[in-house]
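Trainee: Residues in the sequence shown are numbered consecutively from 1, following the numbering used here. Every residue gets a Cβ at the ideal spot worked out from N, C-alpha and C, and that includes glycine.
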Amino acid sequence: MWLLEQPHISVFVPFGHSPDTDLIAIIDNQIVRVQVKTSTLQLNNGRYQVSLATRGGNRSWSGLVERFSASRCEYLFVLVADGRQWFIPSAEVEGGTGIVVGGPKYAAFEVERGRPFEVVRAA
């Protein structure tokens, strides 16, 4: 993961339940909250659909959908199956339930490519 490999960035995992923050990072002496999303859903044009909404996790779903909001984190880190990665300021995210990466819209926020990850399908 690109974020962990940056020598000038310290990364921490929050202790306890943090629904809006997956990681805490110190960047330029600023503490920032980072939400992390992954995607394996590649579209026909080679781009990836990334779901941003939370729909209850591993427990029974209450029917409430929590949309992405820039007020709950400073950055969105996206990793897709082919290894591409984006570190997007949350104010630049134009989507509450999902975004598409791999095209021009978020190109300025793409960081170095990481290792692809294997997609495991349930039997």
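1. With DSSP as the reference, label ARG72 as helix, strand or coil.
2. So for LEU39, helix, strand or coil by DSSP?
3. Kindly provide the ranges of any beta strand (DSSP E) runs that are 3 or more residues long and lie completely inside the segment 82 to 119, ordered along the chain.
4. Going straight from the alpha carbon of HIS8 to that of ILE24, what length do you get?
5. Tell me THR21's beta-bridge partners as DSSP assigns them.
6. For THR40 and PHE77, I'd like the C-alpha separation in whole angstroms.
7. So, using beta-carbon positions, are SER185 and GLU66 closer together than 7 Å?
8. Assign LEU4 to one of three DSSP states: helix, strand, or coil.
Mentor: Quick answer:
1. Reading the sequence shown from its first residue, position 72 is the one you call residue 72. Note: ARG72 maps to helix in three-state DSSP.
2. Against the sequence shown, residue 39 aligns to sequence position 39. Residue identity check: residue 39 is Ser in the sequence provided, not Leu. In the three-state reduction of the DSSP assignment, SER39 falls in the strand class.
3. Those beta strand (DSSP E) runs which fall completely within the segment 82 to 119 and span 3+ residues are 85 to 89, 98 to 101.
4. Position 8 of the sequence shown, counted from the first residue, corresponds to residue 8. Position 24 of the sequence shown, counted from the first residue, corresponds to residue 24. Distance between the alpha carbons of HIS8 and ILE24 is about 14 Å.
5. As a first step, residue 21 is located in the sequence shown; it is residue number 21 there, counting from the start. Paired residues: none, contrary to the question.
6. Your numbering for residue 40 matches position 40 in the sequence shown. Your numbering for residue 77 matches position 77 in the sequence shown. In this structure, the alpha-carbon of THR40 lies about 15 Å from that of PHE77.
7. Residue 185 lies beyond the residue range present for the chain, which begins at 1 and ends at 123; the question has no answer from this structure.
8. Position 4 of the sequence shown, counted from the start, is the residue given in the question as residue 4. DSSP places LEU4 in helix when its eight states are reduced to three.
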